């Protein structure tokens, strides 16, 4: 009788242990599968957001009293800001952290008129440097007297060893997607570029003085195209 009871208790105890063990295994499996799903989602998200956590500063050239180039009632400063806003939105969609030196039609000067331009550019340079951004882009429009030149081009300063590489990347994008016949250039006369130690370039995305290109630059469709090409350049730089 005692023997039978012993075997019954042993069976019940063993069964209980087995059930607990199975529950533990199932629980552990569920946790493992959950973690795998999470890491797969994170990996997929990283692929969908190629610029995740990259800090990028965008500078819309000119602003306020300084309109930049001005042709046929078209102000360079207005076009610069429109393009910058489009680039900003695309960068954010790819995970980048984006800042602008200006968000409206104003300059950053805090001084009087005789050295207002220098004060404006100096503050822009200081803001970008303090940000320790991964990349900065200063967007401008070109102009010259003949009205015949056209095409986008990149300018770099040797203050940062990355700048020449960045300029070449963007110029290749301009040639490929915008049919630009221009070449990237070293230019140490640009006040902003000489003072920004972070990696980046100045992009003259077209000639406002050229009537045909001016019509494109004022077009929302072409501005979207420019923004898309600039994003291609940004992605190319960070993928290398």
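In the numbering used here, the protein residues as written are -13 to 226.
For glycine and all other residues, C-beta sits at the position ideal for the given N, C-alpha and C.
None of these values were measured; they are calculated from a predicted model.
Query, Result
"Report the option in 165, 181, 191 and 150 whose CA atom is closest to the CA atom of residue 171.", "150"
"Just how far apart, CA to CA, sit residue 117 and residue 133?", "38 Å"
"Out of 57, 62 and 109, point me to the one whose CA is closest to residue 49's CA.", "62"
"Would you list the residues sitting across from residue 140 in a DSSP beta bridge?", "189"
"Tell me which same chain residues have a C-beta within less than 7 Å of the C-beta of residue 70, skipping the five on either side of it?", "44, 46, 86 and 125"
"Locate the beta strand (DSSP E) running through residue 82, then write down its first and last residues.", "Looking at the DSSP string, residue 82 is not in any beta strand (DSSP E), and its letter there is neither H nor E."
"Find out if the Cβ-Cβ distance for the pair residue 197, residue 55 is shorter than 9 Å.", "no"
"CA-CA distance, residue 175 and residue 111?", "14 Å"
"Report buried or exposed for residue 219, applying the criterion of at least 16 other Cβ atoms within 10 angstroms of its Cβ.", "buried"
"Should the stretch 129 to 145 be called in touch with the stretch 179 to 195, which here means at least 3 C-beta pairs below 8 Å?", "yes"
"Expressed to the nearest angstrom, what Euclidean distance is found between the alpha-carbon atoms of residue 183 and residue 123?", "13 Å"
"Going by the beta-carbon positions, is the gap between residue 83 and residue 53 smaller than 9 Å?", "no"
"Am I right that residue 88 and residue 177 are in contact with their C-beta atoms under 8 Å? What's the rounded C-beta distance?", "16 Å between Cβ atoms; not a contact."
"So is residue 36 in contact with chain B if we call contact Cβ pairs under 9 Å?", "Absent from the structure is chain B; it holds one protein chain and no more."
"For the beta strand (DSSP E) containing residue 208, list its first residue and its last residue.", "First-last for residue 208: 206 to 225, but that is the alpha helix (DSSP H), not the beta strand (DSSP E)."
"Whose C-alpha, out of 169, 114 and 165, is nearest the C-alpha of residue 181?", "114"
"Opposite residue 289 in the DSSP bridges: which residues?", "The question about residue 289 has no answer, for the chain in this structure spans -13 to 226."
"Could you please give the first and the last residue of the uninterrupted alpha helix (DSSP H) stretch that includes residue 43?", "Not the alpha helix (DSSP H): residue 43 falls in the beta strand (DSSP E), residues 41 to 46."
"Tell me, which residues are paired with residue 248 by DSSP?", "Given that the chain is displayed from residue -13 to residue 226, the structure contains no residue 248 and the question cannot be resolved."
"What do you reckon, are the CB atoms on residue 141 and residue 189 nearer than 9 Å?", "yes"
"Please list the terminal residues of the continuous alpha helix (DSSP H) segment that includes residue 121.", "Counting along the chain, residue 121 falls outside any alpha helix (DSSP H), though it belongs to the beta strand (DSSP E) covering 121 to 128."
"From residue 25 to residue 225, what does the alpha carbon distance come to, in whole angstroms?", "Its pLDDT being 47, under 50, residue 25 is placed unreliably by the model, and nothing is read from it."
"Going by DSSP, what residue range makes up the alpha helix (DSSP H) through residue 111?", "102 to 117"
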